[in-house]
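There are 2 protein chains.
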Amino acid sequence: MKVIIVGGVAGGASCAARLRRLDEKAEILMVERGPYVSYANCGLPYHVGGSIEKESSLLVATEQTFRVQFAIDCRTRCEVTGISSKQKTVELKNHGTGEVTAEKYDKLVLSPGAAPIRPPLPGIDLPGIFSVRTVPDARSIREWLVRGAADLSGMNSHTGFQAPTKPKRAVVVGGGFIGLEMVENLVHRGLEVTLIEKLGQVMPPLDPEMARLVERYIVKHGVRLELDDGLAGFQQSADGSLEVLTSSGNRHPADIVILAIGVRPETTLAKMAGIEIGQRGGIRVDEHMRTSDPDIFAVGDAVEVRDFVTGQWTLIPLAGPANRQGRIAADVIAGRDSRFRGTQGTSICKIFEGVIAQTGASEKVLVRLGDKDFEKIYLFPNSHAGYYPGAKMLAIKVLFRKSDGRLLGAQVLGEEGVDKRIDSFAMAIQMGCTVYDLEEAELGYAPPFGSAKDPVNFAGMIAANVLRGDMPLCHWNSVENGFLLDVRNPPELAKESVPGALNIPLPQLRARLGELPRDRDIFVFCRSAQRSYFATRILLQNGYKARNISGSMLSRSMLGVA
Amino acid sequence: MKVIIVGGVAGGASCAARLRRLDEKAEILMVERGPYVSYANCGLPYHVGGSIEKESSLLVATEQTFRVQFAIDCRTRCEVTGISSKQKTVELKNHGTGEVTAEKYDKLVLSPGAAPIRPPLPGIDLPGIFSVRTVPDARSIREWLVRGAADLSGMNSHTGFQAPTKPKRAVVVGGGFIGLEMVENLVHRGLEVTLIEKLGQVMPPLDPEMARLVERYIVKHGVRLELDDGLAGFQQSADGSLEVLTSSGNRHPADIVILAIGVRPETTLAKMAGIEIGQRGGIRVDEHMRTSDPDIFAVGDAVEVRDFVTGQWTLIPLAGPANRQGRIAADVIAGRDSRFRGTQGTSICKIFEGVIAQTGASEKVLVRLGDKDFEKIYLFPNSHAGYYPGAKMLAIKVLFRKSDGRLLGAQVLGEEGVDKRIDSFAMAIQMGCTVYDLEEAELGYAPPFGSAKDPVNFAGMIAANVLRGDMPLCHWNSVENGFLLDVRNPPELAKESVPGALNIPLPQLRARLGELPRDRDIFVFCRSAQRSYFATRILLQNGYKARNISGSMLSRSMLGVA
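Structure representation (structure tokens):
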């Protein structure tokens with residue numbers, strides 16, 4: 005059996021290595037268009053920023069590893085230029101020698117990845133505009149950051165000689181993972197950074213109010229953030245520097261531009277092979293990673309996968325799923341019944357001292373799907389016991405099904421313990437956990453690590469309180485016609501108060517019930533919604549129509565209600 | 005309805021607060037023998053060590069909070085001195101006034117906790133010997149650490165006057181959680197510390213080979229570790245300092261002694277009430293936290309709970325379960341059907357820069373129960389992507405059922421990302437996860453936080469490889485009669501080699517198969533068992549009887565085989 009694997013990074017490399025382990029006799033040819041296989045593309049922004057100084061650190065396995073250790077015919081700078089699925093052949097072009105050859109396959113695995121989007125805008129090809137996808141991309145950016153425009157031969161020839169100018173101003177276009185990581189790393193290198201994002205928020209998979217918190221970290225580090233403004237084009241100034249033009253008519257001077265406006269599945273080869281492309285523009289595969297041609301498999305960023313929380317087809321250009329898919333394709337080629345279970349969209353991103361993570365469905369996705377059977381809660385617990393040094397507040401949003409309590413999604417932001425909580429939520433969603441299960445989760449507790457009631461337990465308790473009817477909930481966007489009750493203590497109100505709200509500190513509530521209307525909805529809040537929960541319980545049991553405002557003052561500022 | 009809650013710390017305080025939320029009209033009396041309610045006893049070692057400087061930081065809620073916020077009759081320094089379960093009364097002694105009163109109850113909740121064991125050994129009552137259970141305990145230790153024996157009026161009267169001597173030498177007796185946390189905190193305060201443990205390992209719930217790794221951290225910080233040596237008694241020297249005598253006949257000089265040899269459920273009240281005590285010496289309760297008397301509930305460290313992994317009754321003196329049990333007792337008293345699901349023994353402990361954590365069943369517990377249907381694996385992955393700065397090696401042991409792949413237990417040690425992995429494993433065990441589920445877990449990955457294949461995924465993959473027959477496994481204790489094959493590269497052997505093992509570096513293996521015996525078991529190893537896995541695959545497919553030695557060289561040093 006001869007298997008050709010196209011693409012030698014995450015999914016392709018995993019597939020090749022796994023296949024060799026399962027089948028010592030298979031003839032395996034892995035071709036990679038670029039100069040490197042199995043490199044850590046997730047590390048590229050950090051290599052640009054310098055925290056990963058050596059380029060070689062990014063090379064997880066080399067061509068040589070594959071040849072010697074796995075007995076795989078591994079060829080870099082080798083591009084597939086044609087596929088005949090009828091004849092089961094591919095045409096290969098060796099970019100080193102220029103030679104074109106044809107190879108027969110029994111099974112073909114496509115792992116071409118996804119390409120950074122480069123819209124055909126005026127000036128898009130000007131020097132100094134970069135994408136961040138490959139090791140050579142990162143190398144070019146690093147060189148540019150050291151030497152600037154002067155390095156381009158001829159570029160400044162009209163001025164005769166120009167001393168190298170080290171770039172000072174960067175514009176990053178696109179506020180997704182790569183954009184944010186590049187923002188952090190360019191700030192880390194001392195550049196003045198502007199981030200331009202077409203949408204009204206950074207990190208599009210997040211719900212916007214959670215993105216607000218991410219934006220605070222960006223702005224806090226001196227980054228100019230331009231939301232709701234699309235890219236219109238580029239111009240070169242007389243001094244060789246760039247200007248980034250936006251749809252609003254703004255012009256942002258830049259010595260370097262990073263394009264991070266998303267990626268598009270590489271489907272050229274798939275189209276060449278005549279296999280099915282899905283609605284989202286990715287290669288359509290079944291749960292065995294098989295395409296519409298039974299002898300062609302596809303894995304990684306180029307394929308569409310099922311989101312198993314929402315049931316929708318989606319594109320998840322992330323390394324974890326790509327690696328798992330590569331393994332599964334290898335299993336199936338080797339005759340096994342392995343299945344990819346789909347994705348739940350778990351992701352995490354460091355942005356300066358902050359960390360933002362997400363798993364499962366977001367509110368906006370549920371709303372888009374017309375799902376009405378969900379509720380959301382906000383909570384702001386400490387990352388670990390408040391009395392142990394270094395505790396930091398987490399901001400957590402949890403989405404769950406109203407009818408049966410099933411956990412649907414979680415978003416967590418903070419500076420410590422974010423990765424831990426998203427992994428607990430992710431494992432919980434994978435296993436079909438309900439909020440009642442979260443209440444009872446027995447997680448590791450000692451003061452440096454958590455609390456006797458971990459934030460994950462708290463999320464479960466709050467959600468279960470809602471579902472059991474113990475704590476009717478509301479949100480700031482639905483309190484307009486109600487009676488607002490603030491149960492904080494007066495010194496807290498001095499800092500920030502809510503117009504029109506009556507203040508009765510919780511300890512006085514039982515004695516002052518007479519001040520409250522019996523015929524109106526009473527929306528109760530405090531700082532974090534814990535005391536207002538206690539107050540809600542008191543009110544409900546005394547016959548008042550009370551609801552707790554989820555997240556209280558802490559969610560209010562996040563939601564931009566103020 | 006009148007409910008009396010005995011004990012105002014974790015379980016009792018949770019029960020009281022929850023009950024008030026559920027029933028605004030219940031008459032709730034919470035009595036606490038000590039001076040404080042709802043204090044953070046888990047923080048006491050850190051208060052002694054000084055990282056939690058203020059005692060007040062440990063007081064999570066005060067008597068006043070309970071009175072004012074929860075309308076609970078909360079009485080500290082108030083001890084229950086009698087219970088009549090027939091008359092449904094308790095006798096209370098107010099230690100402030102000396103007054104004794106009787107109170108009727110409809111429901112009684114016992115949350116007396118567990119008391120530090122103080123064996124009746126010679127000299128046990130000498131000054132300078134402390135337990136660590138309460139805020140006053142911590143205060144006494146802190147005072148002693150500042151002023152030493154001279155502070156005790158009369159103690160040194162035979163010498164006339166003696167200047168205060170600040171303690172320099174500490175002996176900690178007992179290497180469990182509290183013992184280890186005290187060791188760290190005393191070292192942190194600059195004391196010379198000796199740790200004496202009766203068993204052959206620290207952290208008794210751990211398997212011994214994992215405890216070895218914990219012991220390395222202790223010894224590395226200059227602590228003298230005396231294992232396999234029991235406490236025999238104490239003597240006072242002429243200068244007022246102590247000597248700790250052990251069963252082996254050793255004498256350890258000490259200016260302060262911390263007794264941390266375990267806790268025993270407080271069952272005095274339970275016996276007074278005539279309710280059932282279990283085989284393990286704790287109060288027996290059903291899943292509703294109800295004792296053998298339908299009107300008496302018990303929660304927290306004093307009760308026996310079911311380990312839901314092993315099905316055995318057990319004592320788990322930890323804050324998380326105590327809090328959950330308190331809530332459940334309140335629910336049931338308020339007429340709800342809440343059930344405690346049992347425990348899985350999740351625990352975590354910081355020991356200097358190391359962290360050790362555990363969840364589910366250990367190997368020794370499974371062996372003790374005669375369970376033969378399990379396998380174990382060791383793995384040593386990086387805490388996050390190796391190419392991103394700061395990655396640290398984790399040591400992970402995973403136990404799983406051979407017949408169906410169900411995850412039974414995990415132990416994780418390392419310096420970074422331990423808490424995260426134990427929480428993922430804990431959530432997985434709670435939800436009945438198999439190792440096949442772990443393979444597919446979609447955890448948060450970005451280079452600062454993990455790897456595209458997280459350690460949790462790796463654990464699943466390795467275990468699944470074993471169960472699918474792809475990687476027959478063995479352990480260092482069962483390789484004696486086999487043929488040992490070392491597939492590391494020669495420079496690695498220079499550091500540490502295994503006598504009698506043949507070295508064939510992995511890249512040469514395919515060409516040198518002829519050197520291997522066809523009729524013998526071949527036990528393959530490398531450094532971390534990854535390359536030896538690849539080698540095992542090559543050998544198996546070529547007809548050899550190969551097994552991979554789990555954990556390879558890294559488990560060998562841990563197991564003390566060398």
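Taken in sequence, the protein lines are chains A and B.
If you read the first sequence in the working numbering, its first letter stands for residue 5, the second for the next number, and so on.
If you read the second sequence in the working numbering, its first letter stands for residue 5, the second for the next number, and so on.
Just so it is clear, CB atoms sit at the ideal spot from N, CA and C, and this is done for glycine as well.
- By a beta-carbon distance limit of 8 Å, Ser407 of chain B does not contact Lys396 of chain B. Their separation comes to about 35 Å.
- Residue-level contact by beta carbon fails for Pro494 of chain B and chain A, as no gap is shorter than 9 Å.
- Beta-bridge analysis with DSSP links Gln362 of chain A to A:Ser351, A:Gln415.
- Residues of chain A whose Cβ lies closer than 9 Å to the Cβ of Val303 of chain B do not exist; the shortest such Cβ separation is about 13 Å.
- The segment 69-85 of chain B makes contact with the segment 30-43 of chain B: 3 or more CB pairs, one atom from each, lie closer than 8 Å.
- Residues of the segment 62-84 of chain A with a Cβ closer than 8 Å to any Cβ of chain B, in chain order: Leu62, Val64, Val72, Gln73, Phe74, Ala75.
- Note: Tyr382 of chain B is bridge-paired with B:Lys401 in the DSSP secondary-structure output.
- Cβ-Cβ separation between Val206 of chain A and His256 of chain A: approximately 17 Å, too far for a contact (criterion under 8 Å).
- Of all alpha-carbon atoms in B:Arg268, B:Arg25, B:Ser55, B:Asn493, the one lying nearest the alpha-carbon of Gln283 of chain B is that of B:Arg268.
- Excluding the 5 residues flanking it on each side, Thr250 of chain A has same chain C-beta neighbours closer than 8 Å at Ile200, Glu230, Asp233, Gly234, Leu235, Ala236, His256, in chain order.
- In the DSSP assignment, the residues bridged to Arg410 of chain B are B:Thr438.
- Per DSSP, Ser554 of chain A lies in no alpha helix (DSSP H) and is assigned neither H nor E.
- Within the segment 244-312 of chain B, complete alpha helix (DSSP H) segments of at least 4 residues are found at 272-277, given in chain order.
- Going by beta carbons, Arg472 of chain B and Cys437 of chain B fall outside the 9 Å limit.
- Interface with chain B (9 Å Cβ-Cβ cutoff): Tyr40 of chain A is excluded.
- Under the 8 Å Cβ criterion, the segment 355-375 of chain B does not count as touching the segment 46-56 of chain B, having fewer than three qualifying pairs.
- Excluding its 5 nearest sequence neighbours in each direction, Met562 of chain B has C-beta neighbours in its own chain below 8 Å: Glu213, Met214, Arg216, Leu217, Tyr382, Ala399, Gly555, listed in chain order.
- Less than 9 Å divides the Cβ of Val416 of chain B from the Cβ of Phe429 of chain B.
- With a threshold of 16 other beta carbon atoms within 10 Å, Val227 of chain B meets it and is buried.
- Nearest Cα to Gly448 of chain A within the set B:Gly364, B:Leu447, B:Val439: B:Gly364.
- Excluding the 5 residues flanking it on each side, Ile426 of chain B has same chain C-beta neighbours closer than 8 Å at Thr350, Ile352, Ala361, Gln362, Thr363, Ala414, Val416, in chain order.
- With the criterion set as a beta carbon lying under 9 Å from some beta carbon of chain B, the segment 280-312 of chain A has no members that meet it.
- The segment 528-536 of chain B and the segment 483-494 of chain B touch, with three or more beta-carbon pairs separated by less than 8 Å.
- Burial is judged here by how many other beta carbons sit within 10 angstroms of a residue's own beta carbon; Glu357 of chain B has fewer than 16 and is exposed.
- Taking all protein chains in view, the Cβ of Gln73 of chain B is crowded by 16 or more other Cβ atoms within 10 Å, so the residue is classified as buried.
- For Arg328 of chain B, the uninterrupted alpha helix (DSSP H) segment begins and ends at 323-337.
- Take Arg514 of chain A, set aside five residues on each side of it, and the residues of its chain with a beta-carbon closer than 7 Å to its own are Ile542, in chain order.
- Neighbourhood of Ser351 of chain B in chain A, by CB distance below 7 Å: Gly448, in chain order.
- Taking a beta-carbon distance threshold of 9 Å, Ala274 of chain A does not count as an interface residue toward chain B.
- For Gly15 of chain B, the enclosing alpha helix (DSSP H) stretches over residues 14-26.
- For the C-beta of Phe453 of chain A, the chain B residues within less than 7 Å are, from N- to C-terminus, Ile352, Asp423.
- Boundaries of the beta strand (DSSP E) harbouring Met34 of chain B: 31-35, taken from the DSSP string.
- Around the C-beta of Lys457 of chain B, 16 or more other C-beta atoms lie within 10 Å, and the residue is accordingly described as buried.
- Boundaries of the beta strand (DSSP E) around Gly86 of chain A: 82-88.
- Interface flag for Asn98 of chain B against chain A is unset, since no Cβ pair is found closer than 9 Å.
- Our two residues, Asn461 of chain A and Lys424 of chain A, have alpha carbons roughly 13 Å apart in a direct line.
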